[in-house]
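Line by line, the protein sequences are chains A and B. FYI, in this note's numbering the residues of the first sequence are 437 to 750. FYI, in this note's numbering the residues of the second sequence are 532 to 621. Everything below concerns the one structure shown next.
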Amino acid sequence: MRSVTAELGLSDGRALGTGLRLITTRAEAIDRCRAAVDAVLASIDLTCSRFRDDSELQAVNRAEGREVTVSPLLNQAVERALWAARWTEGAVDPTVGTAIRLAGYDRDFADVASIDAPLLLVARRVPGWHVVQHSASSRKLRVGAGVELDLGATAKALASDLAAAAALEAAGGGGVLVSLGGDIATAGEAPEGGWAIQVSDDSEAPIAAGEETIAITRGAVATSSTTVRRWTRGSIELHHIIDPRTGLPAQSPWRTASVVARTCVEANAASTAAIVLGDAAADWLAERGITARLVDGQGEIRRIGGWPEPENAA
Amino acid sequence: MRFTPQRRDAAMRRLHHMTASILGVSFAAAAVFGVVAHAVIPGGTTTLSSAATNSGSASTSTSTTTSTSGTSTAAKSASSGSAVAVSGGS
Numbered sequence: 437m438r439s440v441t442a443e444l445g446l447s448d449g450r451a452l453g454t455g456l457r458l459i460t461t462r463a464e465a466i467d468r469c470r471a472a473v474d475a476v477l478a479s480i481d482l483t484c485s486r487f488r489d490d491s492e493l494q495a496v497n498r499a500e501g502r503e504v505t506v507s508p509l510l511n512q513a514v515e516r517a518l519w520a521a522r523w524t525e526g527a528v529d530p531t532v533g534t535a536i537r538l539a540g541y542d543r544d545f546a547d548v549a550s551i552d553a554p555l556l557l558v559a560r561r562v563p564g565w566h567v568v569q570h571s572a573s574s575r576k577l578r579v580g581a582g583v584e585l586d587l588g589a590t591a592k593a594l595a596s597d598l599a600a601a602a603a604l605e606a607a608g609g610g611g612v613l614v615s616l617g618g619d620i621a622t623a624g625e626a627p628e629g630g631w632a633i634q635v636s637d638d639s640e641a642p643i644a645a646g647e648e649t650i651a652i653t654r655g656a657v658a659t660s661s662t663t664v665r666r667w668t669r670g671s672i673e674l675h676h677i678i679d680p681r682t683g684l685p686a687q688s689p690w691r692t693a694s695v696v697a698r699t700c701v702e703a704n705a706a707s708t709a710a711i712v713l714g715d716a717a718a719d720w721l722a723e724r725g726i727t728a729r730l731v732d733g734q735g736e737i738r739r740i741g742g743w744p745e746p747e748n749a750a
Numbered sequence: 532m533r534f535t536p537q538r539r540d541a542a543m544r545r546l547h548h549m550t551a552s553i554l555g556v557s558f559a560a561a562a563v564f565g566v567v568a569h570a571v572i573p574g575g576t577t578t579l580s581s582a583a584t585n586s587g588s589a590s591t592s593t594s595t596t597t598s599t600s601g602t603s604t605a606a607k608s609a610s611s612g613s614a615v616a617v618s619g620g621s
């Protein structure tokens with residue numbers, strides 16, 4: 437491991453409609469790392485965006501039930517999304533595309549917040565991930581007519597995983613951390629003491645004394661929260677985490693869920709599932725040995741699977 | 532033809548071997564796909580200027596979680612204010 441005082445290379449920016457932070461233990465390689473990360477994120481945007489008419493995902497959603505051959509990257513993104521659906525027993529489901537569009541999240545979020553026209557929302561179970569026919573080996577994908585895929589729950593996390601791997605390769609070694617809207621992936625060798633990560637409701641929160649902080653030497657951390665990416669239509673406040681059982685924004689006792697896992701896709705799938713599962717989340721997480729931190733609507737914190745107590749609580 | 536215990540055992544061995552072979556091909560295909568998917572990501576676009584920061588953290592308790600792949604990921608507490616990144620909703 438490296439010295440605590442080792443200089444880290446850091447680069448901040450924005451990508452995929454959210455904040456980006458890249459850190460490498462090889463400060464001299466930061467520009468090469470950033471170029472590699474930007475390339476990955478540009479590919480993810482062009483492939484998986486629901487807000488670009490020219491994205492490959494939108495072409496699939498317009499295919500009206502026809503089988504299409506997808507690119508290796510979309511193939512991987514769909515495979516991960518369907519894995520997350522199986523693992524979470526449908527709590528995280530890529531067929532929520534129509535539901536989230538009807539809830540008003542039909543464009544880049546910066547534009548969603550400015551619209552206040554009332555909506556008529558009807559509770560209806562989403563089609564379900566079982567209607568998606570996908571062969572990863574042949575890259576064939578068929579989505580039922582009228583079904584819209586939304587990869588938001590897993591594609592951003594996949595982007596963090598791929599970007600971290602690409603940055604590590606560009607650096608030629610050492611260690612890297614990529615945070616994309618609070619979905620954090622690491623690769624390579626962590627600095628001494630590990631990567632210190634603050635957990636908050638909002639990924640844009642400032643780093644400050646008194647905020648709960650953990651350290652990891654490998655793996656990933658992801659947080660899902662209903663306190664951000666909210667919008668109002670009529671008098672109703674909505675958010676972006678859809679419950680596949682109702683097709684509506686999840687009504688959960690948990691406002692925020694954070695998870696530590698091997699990959700960011702796993703962490704994000706579990707944190708999103710925790711919000712959706714609501715009262716059943718704690719048991720679901722504990723039964724799978726997942727390290728998680730849940731925050732309820734009143735700010736009470738529940739730590740599961742050995743999530744460490746904060747230092748000042750010891 | 533009588534389905535004797537010997538014939539049943541032989542059939543089960545052949546079925547087990549066939550299943551193992553199919554799984555082997557599937558894993559190999561997945562590995563090849565992973566390499567291909569990694570190789571098609573195109574070249575970079577922009578860079579930003581770098582800055583330097585220091586990280587320091589101290590630990591007390593440690594937890595370990597086992598992911599679906601069977602590998603462990605440890606988390607430990609660290610000094611507040613020492614973070615280099617924030618995990619939160621977005």
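Ideal Cβ placement from N, Cα and C applies to all residues, glycine included.
Which whole-angstrom value describes the C-beta separation of residue i and residue j, a residue pair presumed to lie in contact below a C-beta threshold of 8 Å?
i        : j        : result
B/Val615 : A/Ile459 : 6 Å
A/Arg738 : B/Ser621 : Contact flag wrong, Cβ pair sits at about 22 Å.
A/Thr662 : A/Ser694 : Not quite, the Cβ-Cβ distance comes to about 13 Å (not below 8 Å), so this is no contact.
A/Ser707 : A/Ala658 : 5 Å
A/Ala465 : A/Ala606 : 7 Å
B/Lys607 : A/Ala651 : 5 Å
A/Asp637 : B/Gly619 : 6 Å
Whole angstroms are fine: how far does the CA of residue j sit from the CA of residue i?
i        : j        : result
A/Arg578 : A/Val568 : 6 Å
A/Leu452 : A/Phe487 : 10 Å
A/Ile740 : A/Ala644 : 24 Å
A/Leu730 : A/Val635 : 11 Å
B/Ser610 : A/Pro744 : 12 Å
A/Thr668 : A/Ser507 : 36 Å
A/Leu587 : A/Ile480 : 11 Å
B/Ser598 : A/Arg516 : Note that B/Ser598 scores a pLDDT of 47, beneath 50, so its modelled location is shaky; the value from the coordinates is reported in the next line. The straight-line gap from Cα to Cα measures roughly 15 Å.
A/Arg502 : A/Leu538 : 23 Å
A/Arg522 : A/Val614 : 26 Å
A/Ile711 : A/Thr699 : 19 Å
B/Phe558 : A/Asn511 : Caution applies to B/Phe558, whose pLDDT of 41 falls short of 50 and renders its modelled position unreliable; the value that the coordinates give is listed next. Taking the straight line from one Cα to the other gives about 16 Å.
A/Gly630 : A/Gly449 : 23 Å
A/Leu728 : A/Pro627 : For clarity, residue 728 of chain A is Ala in the given sequence; the question names Leu instead. Cα-Cα distance, rounded: 23 Å.
A/Ala703 : B/Ala605 : 13 Å
A/Ile536 : A/Ser491 : 18 Å
A/Gly617 : A/Asp544 : 15 Å
A/Val476 : A/Thr461 : 20 Å
B/Ala568 : A/Leu509 : Residue placement at B/Ala568 is poorly supported in this model, since its pLDDT is 33, which falls under 50; the coordinates still yield a value, given next. Distance between the alpha carbons of B/Ala568 and A/Leu509: 6 Å.
A/Ile633 : A/Val532 : 30 Å
A/Trp565 : A/Arg654 : 31 Å
A/Ser574 : A/Ala546 : 37 Å
A/His594 : A/Glu443 : In the sequence as displayed, the identity of residue 594 of chain A is Leu instead of His. Each residue's alpha carbon lies about 28 Å from the other.
A/Ala756 : A/Gly646 : No answer is possible for residue 756 of chain A: the residues shown for chain A start at 437 and end at 750.
A/Leu557 : A/Gly445 : 47 Å
A/Gly735 : A/Val562 : 30 Å
A/His676 : A/Ser571 : 29 Å
A/Gly608 : A/Ser639 : 29 Å
A/Thr381 : A/Thr692 : This structure cannot speak to residue 381 of chain A, because chain A is shown only from 437 to 750.
A/Ala716 : A/Ala463 : 44 Å
A/Leu493 : A/Val612 : 29 Å
B/Ser588 : A/Glu747 : Confidence in B/Ser588 is poor, its pLDDT being 32 and thus under 50, which makes the residue's placement unreliable; the coordinate value appears in the next sentence. The straight-line gap from Cα to Cα measures roughly 11 Å.
A/Val504 : A/Gly580 : 12 Å
A/Leu674 : A/Tyr541 : 9 Å
A/Glu723 : A/Gly610 : 35 Å
From what residue to what residue does the beta strand (DSSP E) around residue i run?
i        : result
A/Ala621 : Asp619 to Gly624
A/Gly455 : Thr454 to Thr460
A/Leu721 : That residue, A/Leu721, is in no beta strand (DSSP E); its alpha helix (DSSP H) goes Ala717 to Glu723.
A/Ile737 : Ile737 to Ile740
A/Asp489 : Segment: none, A/Asp489 is in no beta strand (DSSP E) and carries neither H nor E.
A/Ser694 : Trp690 to Ala697
A/Leu616 : Gly611 to Leu616
Tell me which residue opens and which closes the alpha helix (DSSP H) that residue i is part of.
i        : result
A/Glu759 : Lying outside 437 to 750, the shown extent of chain A, residue 759 of chain A is not represented and no answer is given.
A/Thr653 : Careful: A/Thr653 lies outside any alpha helix (DSSP H) and carries neither H nor E.
A/Thr483 : Ile466 to Cys484
B/Ser621 : B/Ser621 -> no alpha helix (DSSP H), and no H or E assigned at all.
A/Gly588 : Gly588 to Ala607
A/Leu518 : Pro508 to Trp523
A/Glu492 : Glu492 to Asn497
A/Arg537 : Gly533 to Leu538
Can residue i be considered in contact with the ligand FAD, in the sense that its beta carbon sits closer than 7 Å to one or more heavy atoms?
i        : result
A/Ala539 : The ligand FAD is not part of this structure, which contains no ligands at all.
* Asked: Are the region 667-684 of chain A and the region 477-497 of chain A touching by the rule of at least three beta carbon pairs closer than 8 Å?
  -> no
* **Residues within the region 651-678 of chain A neighbouring chain B, beta-carbon criterion of under 8 Å** => Ala651, Ile652, Thr653, Arg654, Gly655, Ala656, Val657, Ala658, Thr659, Ser660, Ser661, Thr662, Thr663, Val664 and Arg665
* **Three-pair Cβ contact test at 8 Å for the region 520-528 of chain A versus the region 600-611 of chain A** => no
* Residues from the region 573-602 of chain A in contact with chain B, defined by Cβ distance under 9 Å -> Ser573, Arg575, Lys592, Leu598, Ala601 and Ala602
* To do: Would you list, in chain order, the members of the region 476-489 of chain A that have their beta-carbon closer than 7 Å to a beta-carbon of chain B?
  => Val476, Ala478 and Ser479
* Looking at chain B, which residues of the region 623-639 of chain A have a Cβ within less than 8 Å of any of its Cβ atoms? -> Pro627, Gly629, Gly630, Trp631, Ala632, Ile633, Gln634, Val635, Ser636, Asp637, Asp638 and Ser639
* In chain order, what residues of the region 608-619 of chain A put their CB closer than 7 Å to some CB of chain B? -> Leu613, Ser615, Gly617 and Gly618
* Interface residues of the region 688-707 of chain A facing chain B [CB-CB below 8 Å] -> Thr692, Ser694, Val696, Ala697, Arg698, Thr699 and Glu702
* Within 8 Å of chain B by C-beta, residues of the region 731-750 of chain A in sequence order -> Gly741, Gly742, Trp743, Pro744, Glu745, Pro746, Glu747, Asn748 and Ala750
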